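Visitor:
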Amino acid sequence: MATVSLQRVTKRYGQDVAVSDVTLEVDNGEFVALLGPSGCGKTTTLQMVAGFVEATSGDILIDGQPMHGIPPHKRNIGVVFQNYALFPHLTVFDNVAFGLKMRNVERSQVVGRVDHALDLVQLKGLDRRYPRELSGGQQQRVALARALVIEPSVLLLDEPLSNLDANLREQMRFEIREIQKRIGITTMFVTHDQTEAMAAADRMVVMAKGEIRQIGTAREIYEQPRDLFVATFIGQANLLRGKVAGVRDGEAEIVLDVGQRVVARHNGYARVGDASNLVLRPEDFELATEEYPSKNNLHGRVMRVNYLGAAINAAVLVGDTTLVVSIPRSDNVAREGEPVVVRWPPSAGVMLS
Amino acid sequence: MIPLATQRVLGVFAVIVCAFSIAPVLVIVAESFTATDYVVFPPSGFSLKWYVEFLKRAEFVDSAVVSTIVAFGASIVATALGTAASIALVRYEFFGRRVLQQLFLAPLSLPGLIFGLALLQFLARYGIPRNVVTIALAHVVIVVPFTIRFITVALLGVDRKVELCAQSLGASPLRTFRHITFPLIRPGLAASLVFAFIISFDEVAASLFVSSPSATTLPVRIFTYIDQNYDPLVTAVSSLLVFAALIAIVILERAFGVGRLFGLR
Chain A
1 MATVSLQRVT KRYGQDVAVS DVTLEVDNGE FVALLGPSGC GKTTTLQMVA GFVEATSGDI
61 LIDGQPMHGI PPHKRNIGVV FQNYALFPHL TVFDNVAFGL KMRNVERSQV VGRVDHALDL
121 VQLKGLDRRY PRELSGGQQQ RVALARALVI EPSVLLLDEP LSNLDANLRE QMRFEIREIQ
181 KRIGITTMFV THDQTEAMAA ADRMVVMAKG EIRQIGTARE IYEQPRDLFV ATFIGQANLL
241 RGKVAGVRDG EAEIVLDVGQ RVVARHNGYA RVGDASNLVL RPEDFELATE EYPSKNNLHG
301 RVMRVNYLGA AINAAVLVGD TTLVVSIPRS DNVAREGEPV VVRWPPSAGV MLS
Chain B
1001 MIPLATQRVL GVFAVIVCAF SIAPVLVIVA ESFTATDYVV FPPSGFSLKW YVEFLKRAEF
1061 VDSAVVSTIV AFGASIVATA LGTAASIALV RYEFFGRRVL QQLFLAPLSL PGLIFGLALL
1121 QFLARYGIPR NVVTIALAHV VIVVPFTIRF ITVALLGVDR KVELCAQSLG ASPLRTFRHI
1181 TFPLIRPGLA ASLVFAFIIS FDEVAASLFV SSPSATTLPV RIFTYIDQNY DPLVTAVSSL
1241 LVFAALIAIV ILERAFGVGR LFGLR
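So the protein sequences, as listed, match chains A and B.
Its first residue numbered 1, the first sequence is counted upward by one per residue in this note's numbering.
Its first residue numbered 1001, the second sequence is counted upward by one per residue in this note's numbering.
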């Protein structure tokens, strides 16, 4: 168990900057997800922590120890890759025992610890099998057991669930989280799947183009995105463009490009005359037939209605902007082609420049 | 998809190519069993007398021994060098990697005659004796490109992440090679050894220049022998070369499957 600290870490490949000035503190026992589109530098960041890639500048500290110049085999780190990367010529037992053998652990102890690790991932009785004789989910468990058996300071997971089918992915995500909590190991998890990151992690780190855009809990990032990239990358976002017309009592009045005046929670820095984007989640809206005085009201026309089971998704055309609205399935206001009022309270939504 | 008609034509073409490559070998092997004192095809009678004759001729037996030692030495050294070179070429990005890659494979396109002539001048100039070791070293240069090809194919088949995992689990790069990479490329190493052996055992052009009365390889011995004589003895000795290669390939196929070693499967 350990803390991980990245201080102004940068990685360049020639002229290309893969990771730019990343600073991140991971607490003891914390589960942090690095999330971003492919090429955002999340995997490179993980590889620098593992020691597979040396940072161009900046410091990486594990438990306060600077890692500069320390090769991977001296870092005591558990790694699980997307393709599991099991040793194909070794049995399940020998795969899991490998790290212990490299540490010259006594044979008598090895058996017990391997059994314990296989027990942890619910894989008892398969220790004589070879990786090719296992299903994807079982291989994933072996990879996890192999990484955990050495009692690493940090567990690094690089897209560990992406090769599994949907049902198994959810189950494994749950199990990984369960095991992580039980043994309290500091974990960094790289994924491009926001659902995975939100469901599993204590905190999320959203990255783009080598930079950290926002660090926070799932709730913070979903409800208080710091910029447009984060707002649109995490969840669905409706963008209403406009100009700030007035600021008072923590609220801002915005004249939207579609012509209407709306009120929103002030972001603290926008001034009168600034261009502003109001970001609203589909479920922030409600649909009605008439305006409600203390709310923001936009008149539009229902273009499309999709019944999704848990909710109804509707597309509403307001001016030249299409808003995606999610409403309870009991709501039967939305009928395709009919005029409708889109309403939301000023407290909903986030103002971004 | 290739159209059926084209497939047929290609099939016939492949068969013709195989026939033209193998037929001369079959003719020689058949001739070696002749009971006559002259070379004739089809052979008349069946006899092993020319194989017995081979065993009676000390210079041929000596040459067989020289060739075997040279082929063993060259294939082992070349495979070791090829492994080191392949690891560098496949696993590491460094300045001049492309150039080195071309340079390592250059002897493939270098005529053996020119290489042999250059080597002869070099040895003469510095007074280096021409013996088994010199021949073996010459063969190392000739077969190293082949070993690099085989081992590169094998290494490309090993997931880099598997090696990284081993390192994260506490294995130093050396132990990672010993416990993970080496077992995984063993088929490629075996192929490298066997083919290096066969190529070395068969090599004539460069060996002509570096052979000396004290050390002459079997192909060179055959070559110089037929300059003066033409009897079934050469067909018997040549057949021995064929049999040696055949046995090596069969062992390799049984152990690993030859197709896989060429990256065909």
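Beta carbons are placed, not taken as given, at the ideal position from N, Cα and C, and that holds for glycine.
Computed from a predicted model, the values in this text were never measured in an experiment.
Indicate the three-state DSSP secondary structure (helix, strand or coil) for residue 119 of chain A in the structure shown.
Guide: Mapped onto the first sequence, residue 119 of chain A falls at position 119. Here residue 119 of chain A sits in helix by DSSP.
Visitor: Between the alpha carbons of residue 63 of chain A and residue 29 of chain A, how many angstroms are there, rounded?
Guide: On the first sequence, residue 63 of chain A is found 63 positions in, with the first residue counted as 1. On the first sequence, residue 29 of chain A is found 29 positions in, with the first residue counted as 1. In a straight line, the C-alpha of residue 63 of chain A is about 12 Å away from that of residue 29 of chain A.
Visitor: What are the start and end residues of the alpha helix (DSSP H) that includes residue 181 of chain A?
Guide: By one-based count along the first sequence, residue 181 of chain A stands at place 181. Where residue 181 of chain A is concerned, the enclosing alpha helix (DSSP H) stretches over 166 to 183.
Visitor: Over what stretch of residues does the beta strand (DSSP E) that includes residue 13 of chain A continue unbroken?
Guide: Taking the first sequence and counting its residues from 1, one reaches residue 13 of chain A at position 13. Counting along the chain, the beta strand (DSSP E) containing residue 13 of chain A begins and ends at 4 to 13.
Visitor: Going along chain A, which residues have a C-beta under 8 Å from residue 1069 of chain B?
Guide: As a working note, residue 1069 of chain B is residue 69 in the second sequence. Per Cβ cutoff of 8 Å: no residues; residue 1069 of chain B is ~33 Å from chain A at best.
Visitor: Contact check, residue 142 of chain A vs residue 95 of chain A under 8 Å by CB: the rounded distance?
Guide: Counting from one through the first sequence, the residue named residue 142 of chain A turns up at place 142. Counting from one through the first sequence, the residue named residue 95 of chain A turns up at place 95. Right, their Cβ atoms sit about 6 Å apart.
Visitor: Okay, do the region 1115 to 1134 of chain B and the region 31 to 40 of chain A touch, 3+ Cβ pairs below 8 Å being the bar?
Guide: no
Visitor: In chain order, what residues of the same chain have a beta carbon less than 6 Å from the beta carbon of residue 1027 of chain B, not counting five sequence neighbours either side?
Guide: On the second sequence, position 27 is the one that residue 1027 of chain B refers to. Cβ neighbours of residue 1027 of chain B beyond the five flanking positions: 1041.
Visitor: Near residue 239 of chain A, what residues of its chain come up, given a Cβ to Cβ distance below 7 Å and the 5 sequence neighbours on each side ignored?
Guide: Reading the first sequence from its first residue, position 239 is the one you call residue 239 of chain A. Result list for residue 239 of chain A: 277 and 279, in chain order.
Visitor: Mind checking whether residue 155 of chain A and residue 186 of chain A have CB atoms under 9 Å apart?
Guide: Counting from 1 along the first sequence, the entry for residue 155 of chain A is found at position 155. Counting from 1 along the first sequence, the entry for residue 186 of chain A is found at position 186. In contact: residue 155 of chain A and residue 186 of chain A (Cβ atoms closer than 9 Å).
Visitor: DSSP three-state call for residue 112 of chain A: helix, strand or coil?
Guide: By one-based count along the first sequence, residue 112 of chain A stands at place 112. Looking at residue 112 of chain A - three-state DSSP - the assignment turns out to be helix.
Visitor: Would you identify the three-state DSSP class for residue 1194 of chain B, choosing helix, strand or coil?
Guide: Here residue 1194 of chain B refers to the residue found at position 194 of the second sequence. Of the three classes helix, strand and coil, the one that applies to residue 1194 of chain B here is helix, per DSSP.
Visitor: Using a Cβ cut-off of 8 Å, pull out every chain A residue sitting near residue 1161 of chain B, in sequence order please.
Guide: What you label residue 1161 of chain B is simply residue 161 of the second sequence in a count that begins at 1. Per Cβ cutoff of 8 Å: 81, 83 and 85.
Visitor: Using beta carbons (cut-off 9 Å, strictly below), is residue 1166 of chain B in contact with chain A?
Guide: The residue you call residue 1166 of chain B lines up with position 166 of the second sequence. At least one chain A Cβ lies under 9 Å of residue 1166 of chain B.
Visitor: Taking DSSP's pairing of strands, which residues face residue 1024 of chain B in a bridge?
Guide: Here residue 1024 of chain B refers to the residue found at position 24 when the second sequence is read from its first residue. Answer by DSSP bridge pairing: none, since residue 1024 of chain B is not bridged.
Visitor: Leaving out the 5 sequence neighbours to the left and right, which residues in its chain are closer than 6 Å to residue 104 of chain A when beta-carbon positions are compared?
Guide: Against the first sequence, residue 104 of chain A aligns to sequence position 104. Cβ neighbours of residue 104 of chain A beyond the five flanking positions: none.
Visitor: Strictly below 8 Å CB to CB, what residues from chain A border residue 1024 of chain B?
Guide: As a position in the second sequence, residue 1024 of chain B is number 24, starting the count at 1. Correct list: empty, because the minimum Cβ distance to chain A is about 41 Å.
Visitor: Does any C-beta atom of chain A lie closer than 9 Å to the C-beta of residue 1028 of chain B?
Guide: Numbered from its first residue, the second sequence carries residue 1028 of chain B at position 28. Chain A contact via Cβ: absent.
Visitor: Ignore the nearest five residues each way along the sequence and tell me which others in residue 197 of chain A's own chain have a CB closer than 6 Å to its CB.
Guide: In the first sequence, counting from the first residue as 1, residue 197 of chain A sits at position 197. Hits under 6 Å: 33, 35, 191 and 204.
Visitor: Which residues, taken in chain order from the region 178 to 194 of chain A, show a beta carbon closer than 7 Å to some beta carbon of chain B?
Guide: none
Visitor: To the nearest angstrom, report how far apart residue 1234 of chain B and residue 1222 of chain B are at their CA atoms.
Guide: For the purposes of this step, residue 1234 of chain B is taken as residue 234 along the second sequence, with counting starting at 1. For the purposes of this step, residue 1222 of chain B is taken as residue 222 along the second sequence, with counting starting at 1. If I take the Cα positions, the gap works out to 6 Å.
Visitor: Could you tell me how far apart the beta carbons of residue 148 of chain A and residue 78 of chain A are, in whole angstroms, since I believe they sit closer than 8 Å?
Guide: For the purposes of this step, residue 148 of chain A is taken as residue 148 along the first sequence, with counting starting at 1. For the purposes of this step, residue 78 of chain A is taken as residue 78 along the first sequence, with counting starting at 1. So it is a contact: roughly 6 Å between Cβ atoms.
Visitor: Helix, strand or coil, according to DSSP, for residue 222 of chain A in the structure here?
Guide: Here the question's residue 222 of chain A lines up with position 222 in the first sequence. Three-state result, residue 222 of chain A: helix.
Visitor: Please confirm whether residue 1206 of chain B and residue 1115 of chain B have their CB atoms less than 9 Å apart.
Guide: Residue mapping note: residue 1206 of chain B aligns to position 206 of the second sequence, counting from 1. Residue mapping note: residue 1115 of chain B aligns to position 115 of the second sequence, counting from 1. In this structure, residue 1115 of chain B lies closer than 9 Å to residue 1206 of chain B by Cβ.
Visitor: Would a check of beta-carbon distances place residue 160 of chain A closer than 9 Å to chain B?
Guide: The residue given as residue 160 of chain A occupies position 160 in the first sequence. Cβ-Cβ to chain B under 9 Å: no for residue 160 of chain A.
Visitor: Using three-state DSSP, classify residue 1039 of chain B as helix, strand or coil.
Guide: Within the second sequence, residue 1039 of chain B is the residue found at index 39, counting from 1. Here residue 1039 of chain B sits in coil by DSSP.
Visitor: In the DSSP assignment, find the unbroken beta strand (DSSP E) run with residue 260 of chain A in it and report its ends.
Guide: As a first step, residue 260 of chain A is located in the first sequence; it is residue number 260 there, counting from the start. Segment: none, residue 260 of chain A is in no beta strand (DSSP E) and carries neither H nor E.
Visitor: Output yes or no for whether 9 Å exceeds the beta carbon distance between residue 1151 of chain B and residue 1188 of chain B.
Guide: Working through the second sequence from its first residue, we reach residue 1151 of chain B at position 151. Working through the second sequence from its first residue, we reach residue 1188 of chain B at position 188. Residue 1188 of chain B sits close to residue 1151 of chain B, with the two beta carbons spaced by under 9 Å.
Visitor: For residue 131 of chain A, count the other beta carbons within 10 Å of its own beta carbon; 16 or more makes it buried, fewer makes it exposed. Which is it?
Guide: Locating residue 131 of chain A in the first sequence gives position 131, counting from the first residue. Answer is buried; the Cβ neighbour count reaches 16.
Visitor: Less than 8 Å between the CB atoms is what I'm expecting for residue 264 of chain A and residue 252 of chain A, so what's the real figure, rounded?
Guide: Stepping through the first sequence from its first residue, residue 264 of chain A is reached at position 264. Stepping through the first sequence from its first residue, residue 252 of chain A is reached at position 252. At roughly 6 Å, the Cβ-Cβ gap stays under 8 Å, so residue 264 of chain A and residue 252 of chain A are in contact.
Visitor: Under the rule that 16 or more other beta-carbon atoms within 10 Å means buried, what is residue 1129 of chain B, buried or exposed?
Guide: Mapped onto the second sequence, residue 1129 of chain B falls at position 129. Per the 10 Å Cβ criterion, exposed.
Visitor: Contact between the region 104 to 113 of chain A and the region 1172 to 1181 of chain B is defined here as three or more beta-carbon pairs at a separation below 8 Å; is this criterion met?
Guide: With contact defined as three or more Cβ pairs closer than 8 Å, the region 104 to 113 of chain A and the region 1172 to 1181 of chain B are not in contact.
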